[in-house]
Amino acid sequence: MDRDAEPAAVPPAPPAGKRRRRSLDQPPRWQIFFPLGLYLLFTLIPFYWMLLFALREPGSDSLVPWPMTGQHFEKVWTERSFDTYFVNSMYVGIASMLMTLLVALSGGYALARFKFRLRMPFMLALLTSQFIPGALMLVPLFEIFRELTMLNSLWSVIIAETVFQLPLSMILISGFIRNVPASLEEAAWVDGCSRMRGFLAIVLPLLRPGLIAVGSFAFVHSWNHFLFALMFLNSQDKQTIPVGLNTLMGSDSVDLGALAAGGVVAAVPVVIVFAFIQRWLITGFSAGAVKG
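Take the sequence shown: its letters are residues 5 to 296, numbered as in my numbering.
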């Protein structure tokens with residue numbers, strides 16, 4: 005190599021105060037922000053409409069909720085027993101989330117770390133089970149819970165929700181575990197850890213984004229699900245929020261203010277969950293999609 009060769013010429017920097025010329029392969033900004041703005045507008049208008057009916061006074065036709073009132077929330081929370089529905093939905097959501105995570109974590113670990121003959125057919129069965137709608141299983145599940153005397157019990161809904169969420173959750177968690185090098189566990193075994201202790205000390209902390217993603221998905225699905233609660237729960241004190249919203253719509257008239265207030269009550273926990281875990285949610289789902 006010639007040491008006396010002159011270095012490559014560096015292009016001069018653009019003068020201060022002048023805008024850098026846009027590259028030919030870079031689209032103009034309006035082509036990006038215009039469709040995003042339309043999508044955001046299309047998404048936010050229904051939420052604003054729900055808040056409008058929930059906060060404005062009865063009989064008002066104003067497009068601005070002023071003066072605001074809270075009587076619709078008071079009505080659904082006290083007269084329509086939404087306080088009971090809220091507690092039941094929270095109980096179902098948290099219990100089904102914990103059960104889904106516990107079973108999917110053990111099954112996903114087995115799929116990711118152990119090699120057995122029927123592993124691929126089992127994975128295929130998990131995938132194909134996602135094409136079966138829950139409505140087709142209502143009659144068999146109803147008969148099973150009737151024989152077990154579990155009808156009109158929140159545990160019937162919890163078990164049904166857990167069973168239907170397990171296939172996808174197990175597949176996702178097995179992908180998360182595959183992204184953790186097995187050599188880390190093997191090093192823990194050399195140091196004297198058992199398989200369980202090595203998993204709890206080494207693998208489980210690295211699975212936190214994936215567990216948060218799967219757990220949040222399971223909670224939101226259980227919180228919003230309507231069909232199982234409608235079919236398996238009979239008494240009013242056992243109903244959940246989706247069924248409670250259905251009771252606000254009568255055959256002759258609909259109380260739009262109460263219905264909108266109930267919708268806000270149902271949406272607030274989901275919004276709070278995603279607001280706090282969105283970073284972990286994106287990281288977890290992207291990590292689980294790398295390897296299969």
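We put the CB at the ideal spot given by N, CA and C, even for glycine. Keep in mind the model is a prediction, meaning the values are calculated, not measured.
Would you tell me roughly how many angstroms separate the C-alpha atoms of residue i and residue j, rounded to the nearest one?
| i | j | result |
| --- | --- | --- |
| residue 90 | residue 270 | 8 Å |
| residue 79 | residue 250 | 15 Å |
| residue 70 | residue 57 | 11 Å |
| residue 133 | residue 145 | 16 Å |
| residue 243 | residue 192 | 48 Å |
| residue 120 | residue 130 | 16 Å |
| residue 175 | residue 60 | 46 Å |
| residue 200 | residue 138 | 35 Å |
| residue 214 | residue 33 | 34 Å |
| residue 173 | residue 127 | 12 Å |
| residue 149 | residue 166 | 14 Å |
| residue 281 | residue 212 | 11 Å |
| residue 97 | residue 135 | 23 Å |
| residue 48 | residue 66 | 18 Å |
| residue 272 | residue 86 | 14 Å |
| residue 125 | residue 45 | 45 Å |
| residue 203 | residue 52 | 46 Å |
| residue 257 | residue 35 | 44 Å |
| residue 68 | residue 41 | 22 Å |
| residue 228 | residue 164 | 14 Å |
| residue 50 | residue 38 | 19 Å |
| residue 72 | residue 64 | 11 Å |
| residue 43 | residue 279 | 19 Å |
| residue 74 | residue 152 | 43 Å |
| residue 198 | residue 190 | 10 Å |
| residue 94 | residue 222 | 12 Å |
Tell me which residues share the same chain as residue i and place their Cβ nearer than 7 Å to its Cβ, disregarding the 5 neighbours each side in the sequence.
| i | result |
| --- | --- |
| residue 296 | Annotation note: pLDDT 43 at residue 296 (below 50); position unreliable, coordinate value reported separately. Same-chain partners within the cutoff: 179. |
| residue 109 | 177 |
| residue 260 | 57 |
| residue 62 | 261 |
| residue 168 | 138 |
| residue 154 | 160 |
| residue 5 | Residue confidence is low: residue 5 scores 48 on pLDDT, short of 50, so the model does not pin down where it sits. Its coordinate-derived value is still stated next. Closer than 7 Å at Cβ, skipping near neighbours: no residue. |
Hey, is residue i's beta-carbon within less than 8 Å of any beta-carbon in chain B?
| i | result |
| --- | --- |
| residue 207 | The chain labelled as chain B is not found in the depicted structure, where only one protein chain is given. |
Less than 8 Å between the CB atoms is what I'm expecting for residue i and residue j, so what's the real figure, rounded?
| i | j | result |
| --- | --- | --- |
| residue 105 | residue 218 | 6 Å |
| residue 112 | residue 181 | 6 Å |
| residue 205 | residue 162 | Actually they do not touch by this definition, with Cβ atoms about 30 Å apart. |
| residue 224 | residue 170 | That belief does not hold up - the Cβ atoms of residue 224 and residue 170 are roughly 16 Å apart, past 8 Å. |
| residue 186 | residue 117 | 7 Å |
| residue 84 | residue 188 | At roughly 53 Å, the Cβ-Cβ gap does not stay under 8 Å, so residue 84 and residue 188 are not in contact. |
| residue 277 | residue 220 | 6 Å |
Beta-carbon within less than 6 Å of residue i's beta-carbon, same chain only, minus the 5 sequence neighbours each way: which residues are those?
| i | result |
| --- | --- |
| residue 184 | 207 and 210 |
| residue 77 | 265 |
| residue 246 | 230 |
| residue 233 | 161, 244 and 247 |
| residue 81 | 87 |
| residue 292 | Because the pLDDT at residue 292 is just 47, under 50, the model does not fix this residue reliably, and the point stays unresolved. |
| residue 147 | none |
How about residue i and residue j: do their beta carbons lie closer than 8 Å?
| i | j | result |
| --- | --- | --- |
| residue 158 | residue 238 | no |
| residue 262 | residue 54 | no |
| residue 226 | residue 101 | yes |
| residue 195 | residue 88 | no |
| residue 235 | residue 140 | no |
Output needed for residue i: all residues of its chain with C-beta closer than 8 Å, excluding positions within five of it in sequence on either side, in chain order.
| i | result |
| --- | --- |
| residue 267 | 54, 58 and 249 |
| residue 156 | 236, 237, 238, 239 and 242 |
Review point. Unbroken alpha helix (DSSP H) runs of length 4 or more, entirely within the segment 115 to 178: which are they?
Key: Qualifying alpha helix (DSSP H) stretches, in chain order: 123 to 132 and 142 to 151.
Point to revise | Whole runs of the alpha helix (DSSP H) within the segment 46 to 81, excluding any shorter than 4 residues | key: 75 to 78
Point to revise | Unbroken stretches of the alpha helix (DSSP H), 4 residues or longer, contained in the segment 225 to 275 | key: Runs found: 231 to 236 and 245 to 251.
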